[in-house]
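Going from the sequence shown to our numbering is simple: count from 1 and add 287.
We put the CB at the ideal spot given by N, CA and C, even for glycine.
Before any comments, here is the structure.
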Amino acid sequence: MNLSTLKIEANRHKKFLENKALMNPYSYRVNNVDYFLVVYKRNEKFKGYAVIAEKEFCVNDAKAAFEKLIIYNVFVNRFFEIEEAKMKLSPDSFGNIAVILEQFLETNNNSVLLVGKDIIRKLEQLLTSLQNVIKDYSHYYDCKILEDNEIDDDEIEKLWRTLAHINREQYLQGRELIEKFDELRNMFNEMKIHGLDKELSQYDSTVLKELTKSIKDTERTIKSLNIEKEIAPLPVEEQVKMLIEEFKKVAREKLPIYKQDLRYPK
């Protein structure tokens, strides 16, 4: 990959007042030519796309590469948005809360705290599972995509499979929180009665307060995962296959819109 040549090509298609020409760090190969996607911005406002290469190319090949590059770009950006949101909270917070409850329950009978403890452990397990999927792909992206600087159809499929698992995990996590929200609030109130909330660190206390304050954000997330809700009873692999097909459908529907923003080649 000749960065100097690619940079010249990227800047060649930049328009007046555009101050950013962002080239993706991966290419897609068609007929032995590696094509790169460039995103143009004026400040932070998106303005358009271009597909470039280090050498002469066929316009139709470049347009074919654009379809693959833009699909991967859109879905991998979605992955990074989820990563940023879901990696903020540590499963350790749930574990810390559960330990305090377990220690209290060793010498005290309290059905409210017992039920709450089981829910907290379940949420810990679900968050751990979700974050493991995210960590695995993030590591793969750093070590494979950014090292090889290229993608192919298998890489797009792998990304879709990862997002399918993430959506599944998000639905299960959200469903558990919504269904058990009242029990969690009762648990927190019971903890206050026995002074157990004072044993939490400030961070873990904040986590528990936020968890039991409102479920509106979770309900919005669940609504956006309607397909995941419908197919939840199916075997995991069947769910993944169906979600991948849904991603493909979304990609087909969005492609004409993305193509309108392709300034080069026309």
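Candidates the options: closest to residue i by CA position
{"i": "Arg329", "options": "Tyr551, Lys302 and Lys355", "result": "Lys302"}
{"i": "Pro378", "options": "Asn454, Glu506, Asn396 and Lys409", "result": "Lys409"}
{"i": "Ile398", "options": "Ala340, Phe475 and Gly382", "result": "For clarity, residue 398 is Ser in the given sequence; the question names Ile instead. Measuring from the Cα of Ser398, the nearest candidate turns out to be Phe475."}
{"i": "Glu343", "options": "Thr499, Tyr428 and Val320", "result": "Val320"}
{"i": "Phe333", "options": "Ser501, Tyr322, Val317 and Leu304", "result": "Leu304"}
{"i": "Leu388", "options": "Val537, Met478 and Glu371", "result": "Met478"}
{"i": "Ile443", "options": "Gly482, Glu370, Lys535 and Asn289", "result": "Lys535"}
{"i": "Thr499", "options": "Gln547, Arg472, Pro543 and Lys485", "result": "Arg472"}
{"i": "Pro522", "options": "Arg455, Lys485 and Asp548", "result": "Arg455"}
{"i": "Lys422", "options": "Asp484, Asp439 and Glu371", "result": "Glu371"}
Three-way DSSP call (helix, strand, coil) for residue i in this model
{"i": "Pro378", "result": "helix"}
{"i": "Pro312", "result": "strand"}
{"i": "Asn335", "result": "Here residue 335 is Gly; the residue named in the question, Asn, does not match the sequence. It is a strand residue."}
{"i": "Ile502", "result": "coil"}
{"i": "Leu549", "result": "strand"}
{"i": "Lys409", "result": "helix"}
{"i": "Phe323", "result": "strand"}
{"i": "Glu437", "result": "strand"}
{"i": "Lys328", "result": "strand"}
{"i": "Lys496", "result": "helix"}
{"i": "Lys373", "result": "helix"}
{"i": "Lys307", "result": "strand"}
Integer Cβ distance of residue i from residue j, believed to fall under 8 Å
{"i": "Leu417", "j": "Gln390", "result": "Their Cβ separation, rounded to whole angstroms, is 27 Å, which puts Leu417 and Gln390 out of contact at 8 Å."}
{"i": "Ser380", "j": "Asp504", "result": "Going by Cβ atoms, the distance from Ser380 to Asp504 rounds to 17 Å, so no, they are not a contact pair."}
{"i": "Val338", "j": "Leu356", "result": "7 Å"}
{"i": "Glu540", "j": "Ile514", "result": "Wrong, their Cβ atoms sit about 15 Å apart, outside the cutoff."}
{"i": "Ile407", "j": "Leu487", "result": "Rounded, the Cβ-Cβ distance is 12 Å, inconsistent with contact."}
{"i": "Val326", "j": "Tyr315", "result": "So it is not a contact: roughly 15 Å between Cβ atoms."}
{"i": "Ile369", "j": "Ile453", "result": "6 Å"}
Chain-order list of residues whose beta-carbon lies under 8 Å from that of residue i (same chain, five-residue window excluded)
{"i": "Leu446", "result": "Tyr359, Phe362, Val363, Phe366 and Tyr424"}
{"i": "Tyr458", "result": "Ile509, Leu512, Glu515, Lys516 and Ala519"}
{"i": "Leu376", "result": "Leu414 and Val494"}
6 Å Cβ shell around residue i - same chain, five flanking residues per side excluded
{"i": "Ala451", "result": "Val527, Leu530 and Ile531"}
{"i": "Asn318", "result": "Asp348"}
{"i": "Glu341", "result": "Asn289 and Thr292"}
Close beta carbons around residue i, own chain, < 7 Å, minus the five adjacent residues each side
{"i": "Pro312", "result": "Leu433 and Asn436"}
{"i": "Val346", "result": "Pro552"}
{"i": "Asn395", "result": "none"}
### Task
Evaluate the contact criterion for the region 467 to 481 versus the region 402 to 422: three or more CB pairs, one atom per stretch, below 8 Å.
They touch, by the three-pair rule.
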